[in-house]
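To keep things clear, I will list the structure first and then write my remarks on it.
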Amino acid sequence: MIRDAAAQAARLAAARRLVDDILIPAEARMDEEDRMPEPARAALRAHGLFGISIPEAHGGLGLTMEEEAGLMLVLGRAAPAYRAVYALNSGGAAQILLRAGTGAQKARWLPGLARGDLIACFCLSEPEAGSDAASLTTRAVRDGDGWRITGRKRWVTNAPEAGMLMVMARTGGNGARGVSAFAIDPATPGIAILPAQAKMGMRGAAVADIAFEDARVPADALVGAEGEGLKLALAGLDKVRLHLAALCAGLMERMVEEGRRHALARRQFGGPIADQPAVAALLADSVAEALAARCLALDLARARDDGTLRPADAAAAKLFATEAACRVADRVLQVHGGEGYMRGAAIERLYRDVRLLRILDGTSEIQRMVVARALFSG
Ligand SMILES: Cc1cc2nc3c(=O)[nH]c(=O)nc-3n(C[C@H](O)[C@H](O)[C@H](O)COP(=O)(O)OP(=O)(O)OC[C@H]3O[C@@H](n4cnc5c(N)ncnc54)[C@H](O)[C@@H]3O)c2cc1C
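In this text, residue positions in the sequence shown follow UniProt numbering: the first is 1, and each later residue adds one.
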């Protein structure tokens, strides 16, 4: 649902300028330094993007899903590490607060997250609990009117600059119903943010493990009811998956642009390689997949706005778009020949970045499981 077509057109035009003038030019430096350059961060804040999924009442952009998806199609043209910083701020952690937080919890955290003054981390995965998140063992035990938390969270995105942790910890018995959500100040004694870990791509969005050793948090850190944590975390997944589908569509369009530019500029056998049908076909297949992902993301975003989205459809969209984006990255790298394999080529960087998207927020295998369950449950 687009509520105000003129406002959305202005938003998209501003996002295009942001991507072309600031984000894309800063990508190589971000990859090299594994840190988002300050001017890019400032520009993302100025555009309100840290609050992309937060309602206006709490300082966010207050967009419909279709408006968000439209924006992600444009912003997806820039390296996905940017999104891993700004969109995660209003993703998992903020969505749990919006769904189940008290007025005081929302007032404490959401405006800072929407402005980008505070960076939120979503702490679900553990060394022994990845796809099987319900098996997590980080434990929160009652201590007077508060809680003591002990355990370890793994590969937490943005942990080195965390200003707020949304931690899933076990307060009850085994399984999903024993897990509760806690919004925690990372400066709490007993919490250690471990050194950032080196990774293949998505440089600029650092990840680190977080250790909890008898960390005492107050009673009002608990968000929602005891035992509701995992349910709350999973409830936000549809939105995240549609976001990623739109991001991937934008990213595929960017990679096609990179491939087109190279195919026109690079000459072999007396002419541009774009004249070679085998090369052109690599890009034609990529155009088709980018278009399919764009239509899918927008169509399902509208369905979410009007309340008809089925969770399995969001999983299918994430599955298709992330797998297609990896195919496109591979084809466009092939179009670049050896140059695509060398450090410095945008496609070399994007190829490394995009690979993570088939693993995050539910691996492709888990998305297939969700889709297949829906198929056979009817
Ligand atoms: C860069 C990065 C950033 C991350 N950021 C965060 C973050 O901010 N917060 C957070 O909580 N987590 C984060 N994670 C963790 C991420 O969510 C997990 O990596 C993901 O859920 C998969 O878990 P796993 O890596 O333990 O893989 P595993 O669960 O061990 O899976 C390994 C393989 O087995 C397959 N598999 C597992 N179970 C099944 C099944 N039932 N059926 C079919 N196949 C199966 C998987 O699909 C995969 O191919 C991050 C990870 C990375 C790499």
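Note that beta-carbon positions come from the ideal geometry of N, C-alpha and C, so glycine has one too.
Query                                                                                                                                                      : Result
Just to check my reading of the structure: Thr150 and Arg139 have Cβ atoms closer than 8 angstroms, yes? What is that Cβ distance to the nearest angstrom? : 6 angstroms
Does Ala14 get closer than 8 angstroms to chain B when you measure Cβ to Cβ?                                                                               : Among the chains in the structure shown there is no chain B, since it carries only a single protein chain.
Please list the terminal residues of the continuous alpha helix (DSSP H) segment that includes Gly146.                                                     : First-last for Gly146: Gly146 to Thr157, but that is the beta strand (DSSP E), not the alpha helix (DSSP H).
Would you call the segment 158–169 and the segment 178–189 in contact, with 3 or more CB pairs under 8 angstroms?                                          : yes
Given this structure, state the Cα-to-Cα distance separating Arg148 from Ala211, to the nearest angstrom.                                                  : 13 angstroms
Along the chain, which unbroken stretches of the alpha helix (DSSP H) at least 4 residues long are found entirely within the segment 321–362?              : 346–354
Is it buried or exposed, Arg267, if we count other Cβ atoms within 10 angstroms and call 16 or more buried?                                                : exposed
Is any heavy atom in ligand 1 found nearer than 7 angstroms to the beta carbon of Thr363?                                                                  : yes
Please name the residue, chosen from Leu333, Ala15, Gly227 and Ala233, that lies closest to Met252 on a Cα-to-Cα basis.                                    : Leu333
CB Glu365 to CB Arg327, shorter than 8 angstroms?                                                                                                          : no
Return the CA-CA distance between Asp209 and Gly92, expressed in angstroms with no decimal places.                                                         : 17 angstroms
Met166 lies in the alpha helix (DSSP H); which residues open and close that run?                                                                           : Counting along the chain, Met166 falls outside any alpha helix (DSSP H), though it belongs to the beta strand (DSSP E) covering Met164 to Arg170.
Given this structure, state the Cα-to-Cα distance separating Arg115 from Phe50, to the nearest angstrom.                                                   : 6 angstroms
Have a look at Arg177 and Gly227 and give me their C-alpha separation to the nearest angstrom.                                                             : 5 angstroms
Alpha carbon to alpha carbon, how far is Arg368 from Glu128? Give it in angstroms, no decimals.                                                            : 22 angstroms
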